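See structure below.
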Amino acid sequence: MRSNGKLDRFVVIGGGISGLTSAFYLKKEAELRGREAHITVVDPSERIGGKINTLRKEGFVIEKGPDSFLARKTPIIDLAFDLGIGNELTGTNPAAKKTYIVHRGKLHPMPPGLVLGVPTEIMPFAKTGLLSWGGKARAMLDFVLPASKAEGDESLGSFLSRRVGPEVMERIAEPLLAGIYAGDLNKLSLQATFPQFREAERRHGSLIRGTRANRGKGTAAPAAPGRLPKRAQGSMFLTFQNGLATMLEALTEALAGCDSRFGCKAVAFRKNEPGEADGPEAAPYDVLLSNGEILPADGVVITAPAFDAADLLEPHLPVDALRSIDYVSVANVVMAFDKAAIGIDFDGSGFLVPRSEGMTITACTWTSAKWLHSSPSDKVLLRCYVGRAGDEEVVDLPDGALTDAVRRDIKSVLGITAEPLFTEITRLHRSMPQYPVGHLEATARLRAQLRAEMPGVWIAGAAFEGVGLPDCIRQGKDAAAIVYDAVEG
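Here full-length UniProt numbering is used: position 124 in the sequence shown is 124, and no number is missing along the way.
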């Protein structure tokens, strides 16, 4: 598929972390293969990084998008060391391990032994005030209920209700798990979100038994120390001392020499049949941009949101799998305070809010307690989240109204009445992909057809195999190898 004897031309559509990672590893693949590559990254935004957005202000390190990642998912750690910034990784405050859930307006600590909302220690679970005795007894039926023999996917909410009962699902699992996707558990795919739950049921006949058996080596396990700096060892979540933008800055430096078209959208995608395009610029594919430019490409990586990817690919193959992925809009409201005005010593990382509480916020992170690098020692930083599936209108409230609603919730739960030193609001419209039941099978079929009919073109990113930063980075790296194999072959 190489269009000339000298240069492999790649276009990466999407300048978020998936696209930037693809570009970085395409460059490395070219070096490893002894080839020359010309790489162009295209994104409609004026700034790189997609949802990653670090604000450094008045001694604060404020994440306006994602704030951390799971330490056990190593692709992002590998990337950090590939970029030479591994020593800047840092973990959470070991003294702020508690997480709370709001129940009837009051904070209740999550019982010890919970793993993704599943109890693995019975006595602490039996003592929690989050559930009725009936709800606790229903959860214990998981030990005796037979495992489902049904094949195929089901919704996450259906599975949890079936195994541990609706009360555990609604009061504990929903605020914890749905917070990751801002979604409705009764619509999210089990296989695409937490396949280990189904595996635990099948292998152990019980979700609780299976989760207990995997505790310490599965989803909740922190990364092995390995190359990590001491302050990052043993932490379940990691970030960078100067914010996630550290990674963007390193990628920008590493991609020096590559082209970019930021503030410009890929609006069409053309496949050229053999002999159809002539001349030195001829290529298997052309990417048409909103400014009228045409980029010839031997290989294309599409990391744009599913709805934009569908628009590009629809003329060439069925895209029902992409059209079925809904997106939810969310926002976060970050408030800074003088510690003396708060009068609270936070003993945990924050709290979650079930839908049934009827609050505006869905969660609150006590950022300055969870991440010691994020705030001066005499200040407090709180980050509140709003918006989830079925409750997105709140995201577009005027700034004043949104801030007032958030402060009412904070006053109600924490008793804080002090005026913030400043407030930062970030709206992320259509930012959270929702994996429907059957998602993995549908997207696998789409990718198989893409590989067969359009070699050298690949789709990756948050819409496919995980919304976390490590998931996106893994997909970006895989895409680089897949596309270069097709171009080289």
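Idealized CB from N, CA, C, for every residue including glycine. All values derive from a computational prediction rather than experimental measurement.
Is DSSP giving residue i helix, strand or coil here?
{"i": "Lys-339", "result": "helix"}
{"i": "Trp-458", "result": "strand"}
{"i": "Ile-180", "result": "helix"}
{"i": "Leu-130", "result": "coil"}
{"i": "Thr-219", "result": "Here the model assigns Thr-219 a pLDDT of 48, short of 50, so the residue's position is not dependable and the matter cannot be decided."}
{"i": "Lys-477", "result": "helix"}
{"i": "Ala-369", "result": "helix"}
{"i": "Cys-264", "result": "coil"}
{"i": "Arg-2", "result": "Residue placement at Arg-2 is flagged as unreliable, the pLDDT there being 46, under the threshold of 50; the coordinate-derived value follows with that caveat. The answer is coil: DSSP assigns Arg-2 none of H, G, I, E or B."}
{"i": "Ser-18", "result": "helix"}
{"i": "Ala-363", "result": "strand"}
{"i": "Gly-113", "result": "coil"}
{"i": "Phe-10", "result": "strand"}
{"i": "Ala-256", "result": "strand"}
{"i": "His-439", "result": "helix"}
{"i": "Thr-417", "result": "coil"}
{"i": "Pro-318", "result": "coil"}
{"i": "Val-467", "result": "coil"}
{"i": "Val-118", "result": "strand"}
{"i": "Ile-172", "result": "helix"}
{"i": "Ile-302", "result": "strand"}
{"i": "Val-144", "result": "coil"}
{"i": "Ser-374", "result": "helix"}
{"i": "Asp-345", "result": "coil"}
{"i": "Arg-451", "result": "helix"}
To which residues does DSSP link residue i through a beta bridge?
{"i": "Tyr-285", "result": "Lys-271 and Ala-297"}
{"i": "Tyr-327", "result": "Pro-433"}
{"i": "Tyr-385", "result": "Asn-332 and Ala-363"}
{"i": "Thr-99", "result": "Gly-350"}
{"i": "Asp-391", "result": "Arg-388"}
{"i": "residue 495", "result": "Absent from the model: residue 495. The displayed extent of the chain is 1 to 489, so no value can be given."}
{"i": "Ser-189", "result": "Ser-155"}
{"i": "Ile-425", "result": "Val-333"}
{"i": "Ile-410", "result": "In DSSP, Ile-410 forms no bridge with anything."}
{"i": "Phe-69", "result": "Leu-238"}
Thinking C-beta only, is residue j closer than 8 Å to residue i?
{"i": "Leu-70", "j": "Met-236", "result": "yes"}
{"i": "Glu-121", "j": "Gly-129", "result": "no"}
{"i": "Ser-22", "j": "Thr-246", "result": "no"}
{"i": "Gly-34", "j": "Lys-51", "result": "no"}
{"i": "Pro-109", "j": "Lys-98", "result": "yes"}
{"i": "Gly-348", "j": "Tyr-100", "result": "yes"}
{"i": "Val-168", "j": "Leu-160", "result": "yes"}
{"i": "Ala-481", "j": "Arg-9", "result": "no"}
{"i": "Ala-266", "j": "Val-437", "result": "no"}
{"i": "Asp-409", "j": "Ile-425", "result": "no"}
{"i": "Cys-364", "j": "Phe-351", "result": "yes"}
{"i": "Arg-354", "j": "Val-115", "result": "Contrary to the premise, residue 354 reads as Pro rather than Arg in this sequence. Their beta carbons are not under 8 Å apart, which means Pro-354 does not touch Val-115 by this criterion."}
{"i": "Glu-90", "j": "Gln-233", "result": "In the sequence on display, residue 90 carries Thr and not Glu. No, the pair does not count as a contact, with Cβ atoms beyond the cut-off."}
{"i": "Leu-450", "j": "Leu-244", "result": "no"}
{"i": "Val-330", "j": "Met-432", "result": "yes"}
{"i": "Ile-416", "j": "Ile-325", "result": "no"}
{"i": "Val-394", "j": "Val-333", "result": "no"}
{"i": "Ser-374", "j": "Thr-40", "result": "no"}
{"i": "Pro-470", "j": "Pro-195", "result": "no"}
{"i": "Leu-83", "j": "Ala-254", "result": "yes"}
{"i": "Arg-198", "j": "Leu-185", "result": "no"}
{"i": "Val-467", "j": "Ile-48", "result": "no"}
In terms of residues, what are the limits of the beta strand (DSSP E) holding residue i?
{"i": "Ala-37", "result": "37-43"}
{"i": "Pro-109", "result": "106-109"}
{"i": "Leu-238", "result": "237-240"}
{"i": "Thr-54", "result": "54-57"}
{"i": "Glu-63", "result": "60-63"}
Shorter than 7 Å, the distance from the beta carbon of residue i to the closest heavy atom of the ligand SAH, or not?
{"i": "Gly-84", "result": "Because no ligand of any kind appears in the structure shown, any question about the ligand SAH cannot be addressed here."}
Which residues bound the alpha helix (DSSP H) around residue i?
{"i": "residue 491", "result": "With the chain covering 1 to 489 only, the question about residue 491 has no answer from this structure."}
{"i": "Thr-211", "result": "207-214"}
{"i": "Leu-89", "result": "Where Leu-89 is concerned, there is no enclosing alpha helix (DSSP H), although the beta strand (DSSP E) it sits in stretches over 89-91."}
{"i": "Phe-307", "result": "306-313"}
{"i": "Phe-198", "result": "Sequence inspection shows Arg at residue 198; the Phe mentioned does not correspond to that position. Taken as a continuous stretch (DSSP letters only), the alpha helix (DSSP H) holding Arg-198 covers 195-204."}
{"i": "Ala-80", "result": "75-82"}
At least one CB of chain D closer than 8 Å to the CB of residue i: is that the case?
{"i": "Phe-237", "result": "This model lacks chain D altogether; it includes just one protein chain."}
> Can you find at least 3 beta carbon pairs, one from the segment 449-462 and one from the segment 5-18, that sit closer than 8 Å?
Replying inline: yes
> Are the segment 144-156 and the segment 201-211 touching by the rule of at least three beta carbon pairs closer than 8 Å?
Replying inline: yes
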